[in-house]
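*Asks:*
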Amino acid sequence: MTVLLGALFAFANGAQLAHANRFGPPWQSRVTVDQTTLYSEPDRSSAAVGPLGKGQLVVVVADQVTGTDGSAWTQIPDGYVASSDIAEDTNPWIAGVAVPSVSIYARPNTNEPIRRTAKQGDLLRVTGASPGIEGDTNTWWSTTEGYVAVHTLREAGSDWAKGWSLPTADQAPNGWWGGIRSQANVRAAASTKAPVVGTLVPGDRIKVLEEVQGDAVGGNPLWYRIDGGRYAGAVVHSSLVAKMAGPKSVTADRPADAPPGGLIVVSRSAATLTYLDQAGEPQFSTYVSLGRAGVETPDGNYQTMGKYRFDNMSSNTVSNADHAYFLPNVPFVQYYLEGGYAIHATYWHDQFGQVESQGCINLTWSDAAYLFGLTQPVVAPDLLARWAIGDAPATPVVIVE
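In our numbering, the protein residues as written are 378 to 778.
#1: What did DSSP end up calling residue 529 once you bin it into helix, strand or coil?
#2: Between the C-alpha atoms of residue 763 and residue 413, what's the straight-line distance to the nearest angstrom?
#3: Assign residue 614 to one of two classes, buried (16 or more other C-beta atoms within 10 Å of its C-beta) or exposed (fewer than that).
#4: Among the candidates 469, 470 and 509, whose CA atom is the shortest distance from the CA of residue 702?
#5: From residue 689 to residue 596, what does the alpha carbon distance come to, in whole angstroms?
#6: Need the endpoints of the beta strand (DSSP E) that residue 661 sits in, please.
#7: Would you report the Cα separation of residue 715 and residue 675, rounded to the nearest angstrom?
#8: Considering only residues of the same chain and omitting the five flanking positions on each side of residue 540, which have a CB-CB separation below 7 Å?
#9: Look up residue 581 in the DSSP assignment and give the residues it is bridged to.
#10: Keeping to the same chain, check which residues put their C-beta closer than 8 Å to that of residue 590; ignore five residues upstream and five downstream.
#11: Return the chain-ordered ranges of every beta strand (DSSP E) run that is complete within the segment 709–759 and spans a minimum of 3 residues.
#12: Could you work out which residue in 555, 421 and 692 is closest to residue 617 when comparing CA atoms only?
#13: For residue 404, report the span of its beta strand (DSSP E) as first-last.
#14: Since I believe residue 724 is in contact with residue 606 (beta carbons under 8 Å), could you give me their beta-carbon distance rounded to a whole number of angstroms?
#15: Closer than 6 Å by C-beta to residue 692: which residues in its own chain qualify, once you throw out the five before and the five after it? Chain order, please.
#16: Using the three-state DSSP reduction, which class does residue 385 fall into: helix, strand or coil?
#17: Between which two residues does the beta strand (DSSP E) carrying residue 536 extend?
#18: According to DSSP, simplified to helix, strand and coil, what is residue 615?
#19: Which runs of the beta strand (DSSP E) spanning at least 3 residues fall entirely within the segment 451–512, listed in chain order?
#20: Could you tell me the boundaries of the beta strand (DSSP E) in which residue 762 lies?
#21: Does residue 774 come out as helix, strand or coil in the three-state DSSP assignment?
#22: On the criterion of 16 or more Cβ atoms from any shown chain inside 10 Å, does residue 507 qualify as buried, or is it exposed?
#23: In its own chain, which residues sit with a C-beta less than 7 Å from the C-beta of residue 626, not counting the 5 before and 5 after it?
#24: From this set, 424, 552, 573 and 571, which residue's C-alpha is nearest residue 582's C-alpha?
#25: What does a CB cutoff of less than 6 Å around residue 586 pick up in its chain, not counting 5 residues either side in sequence?
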């Protein structure tokens, strides 16, 4: 997916978002004080709706307003909270369905196809809050399965939910690729009693990060903990995965004006990405998903001019999108070309080694995290973003056929 870059420079080197999102509301925040109160109006003398505890998730639905006492207030679906008591949270989280059933839509619009219906207690990974698109006025939770109404989910605290954690960057170099043999239930743990968090089908491709022992299926107790798009960190029974040939390293000449350091080489024909070290030796290779027909990933020489740990992506800021979309908190974004072309993780598909994107270069969660840590400019742990401005270097990106 792509976004235009003009607005990005408002958050240049040293930028950290605390109480605002550059795209505007909605966005997800958490309570940062021990306890705060939700009021019916932006006024402490108005009726109290109820207390909010530290860490509680809320959805900001409107721009900040000034109350009668001169302080800043933020509107959430059920009222107003002091802006100083909450801060934006870009991290994904695990939710449980809190109503008897909920429709999961392909995009944030009630006219869109329903991908599936989740029942009470089902687990979903939430990536952030989304506005409706194409005239839809609702506020939605974006999940790796699709979009659901805001009031239908609550944060899950079960052991199953806690166990469905995201893979780490250091796991990326040791994984291997597999294709799905037949329709596969993806579970939160290596047990037939564990919740099914989604389904993979033939054509989907995942990266196996770890072999784990669990409940035997057909006498076979071996399960795979996987990386990918929608279900990173979950497990699939080994009988449902066929090992693929690994991606081959692709090399290219370093551009003459490139600074010292690593080099990213992307092969459009092989749908792979290779990171070369300073000596020009392959350090890491993986499959990626590239742009579909009409929104192809462009070839040429570029550089990682700006990096975001998380960034929203919207068709409203793209001139050539082939459909409307809003994707909150896309992880490990590295912009390399004006027009919003970026290398980033994906959480909405598992079509690696194939064409699926709007022109960007899509990686799995751990692959994107690992690459993010290898490239320039370095984003400090306490920062959201950094741009290659002034003395900050960038990593060359060479995209070949």
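The beta-carbon is built from N, C-alpha and C at its ideal position, and this holds for glycine as well.
*Replies:* In short, the structure shows the following:
#1: helix
#2: 33 Å
#3: buried
#4: 509
#5: 45 Å
#6: 659–664
#7: 12 Å
#8: 565 and 566
#9: 579
#10: 567, 598, 599 and 600
#11: 718–722, 732–734 and 738–740
#12: 555
#13: 404–408
#14: 6 Å
#15: 698, 701 and 702
#16: Because residue 385 carries a pLDDT of 47, less than 50, the predicted location of this residue cannot be relied on, and no value is offered for it.
#17: No beta strand (DSSP E) contains residue 536, which is instead part of the alpha helix (DSSP H) from 536–540.
#18: helix
#19: 456–459, 463–465, 470–474, 478–482, 491–496 and 500–508
#20: 762–764
#21: strand
#22: buried
#23: 651, 659 and 662
#24: 552
#25: 544, 548, 552, 602 and 604
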